[in-house]
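Numbering of the sequence shown is given in UniProt numbering, commencing with residue 1 and proceeding in unit increments. Ideal Cβ placement from N, Cα and C applies to all residues, glycine included. Take a look at the structure set out below.
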Amino acid sequence: MSGLNIAVLLGSVRRDRVGTRAAKLVIRELEMRGHQVQPVDPLELQLPLLDRMYKEHPKGDAPEPLEMLAEIYRRADGFLVVSGEYNHGIPPALKNLLDHFLEEYFWRPSGIVCYSAGGFGGVRAAMQLRMTLAELGMSSVPSILPIPRISQTIGEDGVAIEPLVDRSARRFLDEFLWYANALKEARMNGTPY
1 MSGLNIAVLL GSVRRDRVGT RAAKLVIREL EMRGHQVQPV DPLELQLPLL DRMYKEHPKG
61 DAPEPLEMLA EIYRRADGFL VVSGEYNHGI PPALKNLLDH FLEEYFWRPS GIVCYSAGGF
121 GGVRAAMQLR MTLAELGMSS VPSILPIPRI SQTIGEDGVA IEPLVDRSAR RFLDEFLWYA
181 NALKEARMNG TPY
């Protein structure tokens, strides 16, 4: 399993966000395995609140950040979505980032990396996120990577402080990459529509 293009979508734009730690952890592991990784950061993109989806713009007339994202998404073999848990739900910046596109996600798997400051690791947000990802055409793989107490379990550099986080991440990525490879091969043989 090598040579995949994986987009890693960050979910938070908060000033003191810690989800970048989880993103750095999975990005490093994917790159060590020989995959190309494209981080997608809504803080850098500064997307407007959804008024018009990418596909609703006249061809070639979408704002530059949307054109750039469309190209990244079309090349992607899978999506890792890094989500915190805000009041038992997903961050609004993540929902906004996801909702700008549709067809660009089709027939590619997603993996959910969730985190929280507390002991549940963002799993309540992950359950909501599964519904959204399935509706967008990039159903999530069965496993998730929940990271509880993220500030104590992963350093700012994205290196796991707790060995269990590294083991869980490797096992989760093994599963995600299996699906990404399988669906890449299936897409080469065509899709239902």
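Does the beta-carbon of residue i have 16 or more other beta-carbons within 10 angstroms, so that it is buried, or is it exposed?
i: Ser12; result: buried
i: Leu43; result: exposed
i: Tyr193; result: exposed
i: Arg108; result: buried
i: Leu49; result: exposed
i: Ala160; result: buried
i: Ser116; result: buried
i: Leu97; result: buried
i: Glu185; result: exposed
i: Met131; result: exposed
i: Leu129; result: buried
Restricting to Cα atoms, I'd like to know which of the options is closest to residue i.
i: Glu56; options: Arg33, His100 and Val26; result: His100
i: Gly122; options: Met138, Pro148, Ser140 and Ala76; result: Pro148
Beta-carbon within less than 6 Å of residue i's beta-carbon, same chain only, minus the 5 sequence neighbours each way: which residues are those?
i: Leu30; result: Ile6 and Val37
i: Met1; result: Caution applies to Met1, whose pLDDT of 46 falls short of 50 and renders its modelled position unreliable; the value that the coordinates give is listed next. The answer, listed in chain order, is Leu177 and Asn181.
i: Gly78; result: Ile6, Arg108, Pro109 and Ala180
i: Arg15; result: none
Suppose the cutoff is 7 Å on Cβ atoms and the five residues either side in sequence are ignored; what does the same chain contact list for residue i look like?
i: Ala93; result: Gly11, Ser12, Val13 and Pro42
So if DSSP puts residue i in a beta bridge, which residue, or which two residues, is it bridged to?
i: Ile154; result: Ala160
Would you list, in sequence order, the uninterrupted alpha helix (DSSP H) runs of no fewer than 4 residues that lie entirely inside the UniProt domain "NADPH-dependent FMN reductase-like" (5 to 146)?
Counting whole runs of 4 or more residues, the UniProt domain "NADPH-dependent FMN reductase-like" (5 to 146) contains the alpha helix (DSSP H) stretches 19 to 32, 42 to 45, 64 to 75, 92 to 99 and 123 to 135.
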